[in-house]
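Written below as structure tokens is the structure these notes are about.
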Amino acid sequence: MPEDEQRMGSRGLEASLPWLLTRAAARRRGSAPRRGRAPLRTNMLGGVAGNALEWYDFAILGFLAPQIGRNFFPSDDPLVSLLGAFGVFAAAFLARPAGGLLFGYIGDRRGRKTSLQLSVALMAVPTFLVGLLPTYRDAGVLAPLLLVLLRMAQGLSVGGELVGSIAFVAENAPEERRGYYCSWTFASEYGGMMLGSLLTAGLSLGLGAQAMDSWGWRVPFLAGALIAVVAFWMRKSLSETPVFLALEDRKRLGRNPVAEAVQLVPERILHLFFLVILVGAGFYTLFVWWPTYLGSVLRPDVPGVAGLNAFSLLLLMVFIPFTGSLSDRLGRKPLLVWSCAGMTVFTLPLFQLAQQGGVAGLFVSQTAFTALMALYLGPVPAALVEMFPPRMRYSAMGIGYNLSLCVFGGAAPVAATWLMQGRETAFAPALVLTVLSGINLLAALTMRERSPGAADGVPGKRSRDLA
Numbered sequence: 286m287p288e289d290e291q292r293m294g295s296r297g298l299e300a301s302l303p304w305l306l307t308r309a310a311a312r313r314r315g316s317a318p319r320r321g322r323a324p325l326r327t328n329m330l331g332g333v334a335g336n337a338l339e340w341y342d343f344a345i346l347g348f349l350a351p352q353i354g355r356n357f358f359p360s361d362d363p364l365v366s367l368l369g370a371f372g373v374f375a376a377a378f379l380a381r382p383a384g385g386l387l388f389g390y391i392g393d394r395r396g397r398k399t400s401l402q403l404s405v406a407l408m409a410v411p412t413f414l415v416g417l418l419p420t421y422r423d424a425g426v427l428a429p430l431l432l433v434l435l436r437m438a439q440g441l442s443v444g445g446e447l448v449g450s451i452a453f454v455a456e457n458a459p460e461e462r463r464g465y466y467c468s469w470t471f472a473s474e475y476g477g478m479m480l481g482s483l484l485t486a487g488l489s490l491g492l493g494a495q496a497m498d499s500w501g502w503r504v505p506f507l508a509g510a511l512i513a514v515v516a517f518w519m520r521k522s523l524s525e526t527p528v529f530l531a532l533e534d535r536k537r538l539g540r541n542p543v544a545e546a547v548q549l550v551p552e553r554i555l556h557l558f559f560l561v562i563l564v565g566a567g568f569y570t571l572f573v574w575w576p577t578y579l580g581s582v583l584r585p586d587v588p589g590v591a592g593l594n595a596f597s598l599l600l601l602m603v604f605i606p607f608t609g610s611l612s613d614r615l616g617r618k619p620l621l622v623w624s625c626a627g628m629t630v631f632t633l634p635l636f637q638l639a640q641q642g643g644v645a646g647l648f649v650s651q652t653a654f655t656a657l658m659a660l661y662l663g664p665v666p667a668a669l670v671e672m673f674p675p676r677m678r679y680s681a682m683g684i685g686y687n688l689s690l691c692v693f694g695g696a697a698p699v700a701a702t703w704l705m706q707g708r709e710t711a712f713a714p715a716l717v718l719t720v721l722s723g724i725n726l727l728a729a730l731t732m733r734e735r736s737p738g739a740a741d742g743v744p745g746k747r748s749r750d751l752a
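Just so you know, we're using my numbering here: the sequence shown kicks off at 286 and counts up by one.
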């Protein structure tokens, strides 16, 4: 291996970007020039805003679970209907690993921008069609079957969306502020969910229960298709990341990045799987299942549950960039350890407070959960992207992240609803979340803290295999 290549492998590709891009420009003289790079602000806005709009489309089914349950899984027992609706919600997560493989391959071979454009385009069609579906009363068993298939198409899209936006933002961001900029990918995700929660709450209050069950539930899906078109338009203005362009110029793009990731960094993919447990189990239990179940089954007498959940998502969106910025100064690991420890210790008492403390108790518990989750979610995106080298980054994150979300995210509302059968307290779901928080804590304690500039090297592997 030439001496300059060894030096570049040890220092990391991203540290060598200015030299690489200058050389790339020189090589392209006399040929058709590449389109000029969009400003940093444009790339960041397009990356995170598109993410927000796509996650609005994905999340609204969870917030409309009571209406979906009654229209597609009618039953005299509201718990059975809700279980069916959350089952459809979980179906999307079964397709996420396939989406991670597909879009990971495209992102590592054809570019981050191309993959992100395709993922948001794929989201628009099934979202629109869900809003046009016949109900069980109109089409019988065909109605829930079509709903499941469309939901899985959404899951395929989302499998490549979040990890792609993390990689895109990280490779455009200044190294010293990577934690801050990457945290906006999660903040925008929850911003999109908050938009869905607000629209659902507003429609429920404005239309009333009968109209919402009859036709109002269709409105967020039909609006979501238009939103996806806006997201696609925003992403057309993006520039490919300098990291990917440098890999392309050096002809270092892997032939099969998915296979390379599994062969070269399997232990890191496994570590990622456990490190993001609370991204799935924590978020979907606390901000999707718990408010829905509490307001429709356990405590229908407590007013404003949907509005409080929207407020919690707003707080989450505001606090995540703050903790992401904090991770640039304190490191990713300390914040992850503190937040997972807090979730392990306080989950059971906070659930009890929410159930027995009325409106005030629900507000205090949900605010406390929001603070703990913000402390956790802020540093996670940068921590993930720093685990993997650029040429297989999209694929490796897509495998580990989506497998974890498939197991711990999609199953969380279904498992929690099933555990509540015949029970009047949420002790069982809270206990499960406590155990999962403890496992996530172990993953955080055993993670290796990496400096922002050391995102590309993997000890014990040849740098030429990993660049």
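We put the beta carbon where it would ideally sit given N, CA and C, even for glycine.
Practice task
Note down the Cα distance separating L325 from G616, rounded to an integer number of angstroms.
Solution key: In a straight line, the C-alpha of L325 is about 24 Å away from that of G616.
Exercise for the section: From the DSSP output, in three-state form, read off R617 for me. Expected result: Per DSSP, reduced to three states, the secondary structure at R617 is helical.
Problem - M479 Cβ short of 7 Å to the ligand GTP heavy atom set - result: With respect to the ligand GTP, the structure offers nothing, as it holds no ligand at all.
Exercise for the section: Return the Cβ separation of Y466 and A472 in integer angstroms, given the expectation that the two are a contact with Cβ distance under 8 Å. Expected result: Taking a contact as a CB-CB distance under 8 Å, the pair Y466 and A472 does not count as one, their CB atoms being some 11 Å apart.
Exercise for the section: Given a cut-off of 8 Å, decide if R436 and V344 are closer than it, judged by their beta-carbon atoms. Expected result: Note on identity: in this sequence residue 344 is Ala, with Val being the wrong assignment. Cβ distance not < 8 Å, so A344 and R436 don't count as in contact.
Practice task
Could you tell me whether the segment 419-436 touches the segment 708-725, using the rule of 3 or more Cβ pairs below 8 Å?
Solution key: Result no; under three Cβ-Cβ pairs closer than 8 Å.
Handout entry: Cα-Cα separation, I684 to V670
Key = Going by the C-alpha atoms only, they are around 13 Å apart.
Handout entry: Host alpha helix (DSSP H) of C467 (start-end)
Key = Residues R463 to L492.
Exercise for the section: With a 10 Å radius around its C-beta and 16 neighbouring C-beta atoms as the bar for buried, classify E456 as buried or exposed. Expected result: With 16 or more Cβ atoms within 10 Å of its Cβ, E456 is classed as buried.
Problem - Residue nearest to P675 in terms of C-alpha spacing, selected from L483, G449, A645 and W500 - result: The closest CA to that of P675, considering only L483, G449, A645 and W500, is found on G449.
Exercise for the section: Compute the beta-carbon to beta-carbon distance between A513 and L338, rounded to the nearest angstrom, for a pair I have assumed lies under 8 Å. Expected result: Between L338 and A513 the Cβ distance is about 6 Å, and since that is below 8 Å, they are a contact.
Practice task
Tell me, to the nearest whole angstrom, how far the beta carbon of L721 is from that of I562; I am working on the premise that it is less than 8 Å.
Solution key: Yes, L721 and I562 are in contact; Cβ-Cβ is about 5 Å, under 8 Å.
Problem - Delimiting residues of the alpha helix (DSSP H) encompassing F348 - result: For F348, the enclosing alpha helix (DSSP H) stretches over residues L325 to F348.
Problem - Distance between Y578 and G369 (C-alpha atoms, nearest Å) - result: So the two alpha carbons sit approximately 13 Å from each other.
Problem - Residue range of the alpha helix (DSSP H) that includes Y686 - result: Element bounds for Y686: P675 to S689.
Practice task
Compare the C-beta of L727 with all C-beta atoms of chain B and state if any pair is closer than 8 Å.
Solution key: Among the chains of the structure shown, chain B does not appear; only one protein chain is present.
Exercise for the section: Can you grab the Cα-Cα spacing for the pair L611 / R462, in whole Å? Expected result: Going by the C-alpha atoms only, they are around 10 Å apart.
Practice task
Look at the alpha carbon of V454 and the alpha carbon of A350, and state the distance between them as a whole number of angstroms.
Solution key: Put simply, the backbone Cα of V454 is about 32 Å away from that of A350.
Exercise for the section: Pick out whichever of F648, K618 and V410 has its Cα sitting closest to the Cα of P666. Expected result: The shortest Cα separation from P666 among F648, K618 and V410 belongs to K618.
Problem - Residue closest to G440, alpha-carbon to alpha-carbon, out of T731, L601 and F388 - result: Of the candidates T731, L601 and F388, the one whose C-alpha sits nearest the C-alpha of G440 is F388.
Problem - Per-residue DSSP class, three states only, for E299 - result: Its pLDDT being 46, under 50, E299 is placed unreliably by the model, and nothing is read from it.
Exercise for the section: Report yes or no: do the segment 624-639 and the segment 493-501 share at least 3 C-beta pairs separated by less than 8 Å? Expected result: Contact check between the segment 624-639 and the segment 493-501: fewer than three CB pairs, one atom from each, fall below 8 Å, which does not count as touching.
Handout entry: Opening and closing residue of the alpha helix (DSSP H) in which K398 lies
Key = Per DSSP, K398 belongs to the alpha helix (DSSP H) from R397 to V415.
Practice task
May I have the straight-line CA-CA distance separating L638 from A508, to the nearest angstrom?
Solution key: So the two alpha carbons sit approximately 36 Å from each other.
Exercise for the section: Return the residue from the list V426, A681, K536 and A409 that minimises the CA-CA distance to A383. Expected result: For the residues V426, A681, K536 and A409, the minimum Cα distance to A383 belongs to A681.
Exercise for the section: Could you check what DSSP says for Q352 in three-state terms: helix, strand or coil? Expected result: It is helical.
Exercise for the section: Just tell me which of E474, G445 and L379 has its CA closest to the CA of L434. Expected result: Among E474, G445 and L379, the Cα nearest to that of L434 belongs to L379.
Exercise for the section: Grab me the residues of I605's own chain with a C-beta within less than 6 Å of its C-beta, minus the 5 sequence neighbours each way, in chain order. Expected result: The beta carbon of I605 is closer than 6 Å to those of S468, F471, A472, A659, L662 and G663 in its chain, skipping five residues each way along the sequence.
Handout entry: Enclosing alpha helix (DSSP H) for M672 [first to last residue]
Key = Note, M672: premise wrong, no alpha helix (DSSP H); not H, not E.
Practice task
Return yes when the Cβ of L532 is within less than 8 Å of the Cβ of L538, no when it is not.
Solution key: Yes; because the gap between Cβ atoms is below 8 Å, this pair is in contact.
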